[in-house]
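Q:
Numbering (full-length UniProt numbering), first residue to last: 1 to 232.
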């Protein structure tokens, strides 16, 4: 994500501005098109085109990171994306180049990319996964939200916040909903997440207190048994 990427780069620089024409662009120019301070690192996940990957999420993270860190234009996004493609996805990109079918616009490329790697079968599988998706026992609210958001972005990239909030509330652990204060219907999605995380923290403290009390009670019992044994 952009926030994660920001941790690995402290300064914002500008990518070189070049006129991009896909018909005469060689994939070997990809890395050379990056300025010295821009490295292909873990701030942007690579995409290989496997069925278990999330093409919408990849495009979103790539675009946000490149715009935030390097102020990349649409043409620069199109020119540099090959640095983060591998496997089947990179082969597909090379085929577009060799056949001179790579579009000159970023928006057209995104449509073509999703058409290739976001199949109807994959979307149906994600819908099934979403219907059975729920917050895990040891899963934090933040981690679950990111997981659930990723599923929704792949299924419905333009999902409305109100709909996402309503769906999310149904998927949170029941005890978190019980400890949340306020009326979720009148809150924004950000407020719901803050309230849920606060409730999660309170539950954690409560469990620690109960665990400590249990340890103390156990120690008292051991001491009493010791006294009984010594008096026999």
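Using N, Cα and C, we set each Cβ at its ideal position, and we do this for glycine too. Computed from a predicted structure; not experimentally measured.
Would residue 155 pass as a contact of residue 130 if the rule is Cβ separation under 8 Å?
A: Yes, Cβ-Cβ distance for residue 155 and residue 130 is below 8 Å.
Q: Should residue 221 go down as buried or exposed, given a rule of 16 or more other Cβ atoms within 10 Å for buried?
A: Result: exposed.
Q: Thinking just about the alpha-carbon of each residue, which of 225, 182, 106 is nearest to the one in residue 60?
A: The shortest Cα separation from residue 60 among 225, 182, 106 belongs to 106.
Q: Tell me whether the beta-carbon of residue 95 lies closer than 8 Å to the beta-carbon of residue 77.
A: No.
Q: Alpha carbon to alpha carbon, how far is residue 93 from residue 86? Give it in angstroms, no decimals.
A: Rounded to the nearest angstrom, the two C-alpha atoms are 9 Å apart.
Q: Check whether the Cβ of residue 108 lies closer than 8 Å to any Cβ atom in chain B.
A: This model lacks chain B altogether, as it is built from one protein chain only.
Q: Could you say which of 145, 67, 65 lies nearest to residue 194 if we only look at CA atoms?
A: Nearest option by C-alpha distance: 145.
Q: How about residue 57 and residue 153: are their beta carbons less than 8 Å apart?
A: Contact flag set, yes.
Q: Since residue 125 is in the alpha helix (DSSP H), which residue starts that stretch and which ends it?
A: 120-131 is the extent of the alpha helix (DSSP H) around residue 125.
Q: For the segment 202-216 against the segment 183-191, are there 3 or more C-beta pairs whose distance is under 8 Å?
A: Flag = no, the segment 202-216 and the segment 183-191 do not touch.
Q: Below 8 Å on the Cβ atoms is my contact criterion, and I expect residue 196 with residue 176 to pass it. Report the Cβ-Cβ distance as a whole number of Å.
A: Confirmed, Cβ separation roughly 6 Å.
Q: Just tell me which of 88, 69, 65, 67 has its CA closest to the CA of residue 48.
A: Out of 88, 69, 65, 67, 88 has the C-alpha closest to the C-alpha of residue 48.
Q: Rounded to whole angstroms, what is the Cα-Cα separation between residue 72 and residue 141?
A: Roughly 32 Å between the two C-alpha positions.
Q: With H, G and I counted as helix, E and B as strand and the rest as coil, what does DSSP make of residue 172?
A: Coil at residue 172, not helix or strand.
Q: Can you tell me the Cα-Cα spacing of residue 224 and residue 211, whole angstroms?
A: Cα to Cα, the separation comes out at about 20 Å.
Q: In terms of DSSP beta bridges, what is residue 47 paired with?
A: The partner list for residue 47 (beta bridge, DSSP) reads 85.
Q: Assuming residue 181 and residue 134 make a contact with CB atoms under 8 Å, what is their CB distance in whole Å?
A: Their Cβ separation, rounded to whole angstroms, is 22 Å, which puts residue 181 and residue 134 out of contact at 8 Å.
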